[in-house]
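To keep things clear, I will list the structure first and then write my remarks on it.
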Amino acid sequence: MKMQPKNVSPQRENNLKITETNFTVMMEFVLLGFSDIPKFHWLLFGIFLVIYMIILLGNGIIILITRVDSILQTPMYFFLSNFSFLEICYVSVTIPRMLMDLWTQKGNISFFACATQMCFFLILGGTECFLLALMAYDRYVAICNPLHYPLVMNHKVCVQLVVASWINGVPVGIGHTCQIFSLPFCGSNQINHFFCDIPPLLKLACGDIFVNEMFIYIFAVLFVTVPFMLILRSYSRIISTILKLPSSTGQTKAFSICSSHLIVVVLFYGSATLTYLKPKSNQYEGTDKLLSLFYTILTPMFNPLIYSLRNKDVRKALRKFLGKLSAL
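Numbering (full-length UniProt numbering), first residue to last: 1 to 328.
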């Protein structure tokens, strides 16, 4: 027997489609974003627009100088340029949509657009985990096996590793998104977030979501924890080797080279882990959004600053590049 909707408003009829089952298929979601602070919408729009421009400019400059400066034609900076390109893609999945919602003061997003945003977000997030692990491995080979470094990290190997990082994230992102959006959504269509993320969407699902939650933990173990453990292993070997160096100058230089990458790892993994692996509770929804802002927006903004301010070669290449620009 078909269920007949009672007292459904016209807008509700546009957003929802009643099927022959007892479930409601969601046709549109509403991203609440920062609707709880409407007085600050224009201020937030200006802040996030400036941040987005800084991310595009900062990471774009890193990509450019690593391509044109001969000093930076090494595997370390090849990975860095790919990481910067990834960061541009990563923030472009969330910030433009958030800016549009703040500008229009509407958060309506179609079922397909929401699924697409989540899919790309997961693909790029998984790729970032692998790239961070690759960058740690590169530093491990450079410091612990410097004589074999040119052979082990030749250009062909570096390209293959980067391509593998990008490819590995694709099936996980697509599979995870298909599983989430195959769930029945029979309650509210309001997502208490500024983009289509997993935790707030699972709160809207009805029925048994145990399998989906288990899949999240499996995903975390395989594509987050494993790269993180590889990073820890690399740095444990790096630190052990550095401490054995006879010269304090050599130790300082080695720590300086690795510290920038280590800071980025802590920022990304720390905020992401707190968001996805902490206990579910409605009282933490505000905290969830704050943590998500940190690893989706603020960390990509800090990355160019971290790598440029703490790296002598990057600072030198940047001064040379800016000097050429001013001479034009």
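Ideal placement from N, C-alpha and C gives every residue a C-beta, glycine not left out.
Check	Outcome
Terminal residues of the beta strand (DSSP E) in which asparagine 108 lies	108-110
Contact under 9 Å by Cβ, methionine 301 with isoleucine 61	no
As assigned by DSSP and simplified to three states, the class of serine 147	The question names serine, but residue 147 in the sequence shown is leucine. Coil at leucine 147, not helix or strand.
Valine 152 (DSSP reduced to helix, strand or coil)	helix
Serine 271 and tyrosine 295 closer than 9 Å at C-beta	yes
The region 158-176 contacting the region 122-139, beta-carbon criterion three pairs below 8 Å	yes
Candidates Leu183, Pro246, Lys106, Leu80, of which the one nearest phenylalanine 34 by Cα	Lys106
Three-state secondary structure (DSSP) of valine 73	It should be noted that the sequence gives glutamine, not valine, for residue 73. Three-state DSSP puts glutamine 73 in coil, outside helix and strand.
Glycine 126 to proline 96 span [Cα, whole Å]	21 Å
Bridge partners - valine 30, DSSP secondary structure assignment	Asn108, Gln190
Rounded C-alpha distance that separates leucine 161 from valine 314	23 Å
Lysine 203: first and last residue of the uninterrupted alpha helix (DSSP H) it sits in	198-204
Closest residue to alanine 113 among Phe255, Val30, Leu291 (Cα-Cα distance)	Val30
Cβ separation of proline 75 and aspartate 36, assumed to be a contact under 8 Å, to the nearest whole Å	No, proline 75 and aspartate 36 are not in contact; Cβ-Cβ is about 46 Å, not under 8 Å.
Supposed close pair isoleucine 191, leucine 201 - CB separation, criterion 8 Å	6 Å
Proximal residues to leucine 80 (C-beta, below 7 Å), its chain only, five neighbours per side dropped	Ile62, Thr66, Tyr307
Neighbour-count burial assignment, glutamine 73, 16 or more Cβ in a 10 Å radius	exposed
Extent of the continuous alpha helix (DSSP H) run through lysine 316	312-327
Reduced DSSP secondary structure (H/G/I, E/B, other) of aspartate 36	coil
Runs of alpha helix (DSSP H) lying entirely within the region 226-250, each at least 4 residues, in chain order	226-243
Supposed close pair phenylalanine 45, tryptophan 103 - CB separation, criterion 8 Å	6 Å
C-alpha gap between serine 92 and methionine 98, whole angstroms	10 Å
Limits of the alpha helix (DSSP H) - the one that isoleucine 47 falls within	41-68
Residues of its chain near aspartate 101, where Cβ-Cβ distance is below 8 Å and the 5 sequence neighbours each way are ignored	Leu31, Gly33, Gly107, Phe194
Serine 182 - DSSP class collapsed to helix/strand/coil	coil
Cα-Cα separation, phenylalanine 48 to valine 152	41 Å
Buried or exposed (CB count within 10 angstroms, at least 16 for buried), phenylalanine 219	buried
Anticipated Cβ contact below 8 Å, serine 260 with asparagine 311, distance rounded	6 Å
Simplified DSSP assignment, three categories, for phenylalanine 121	helix
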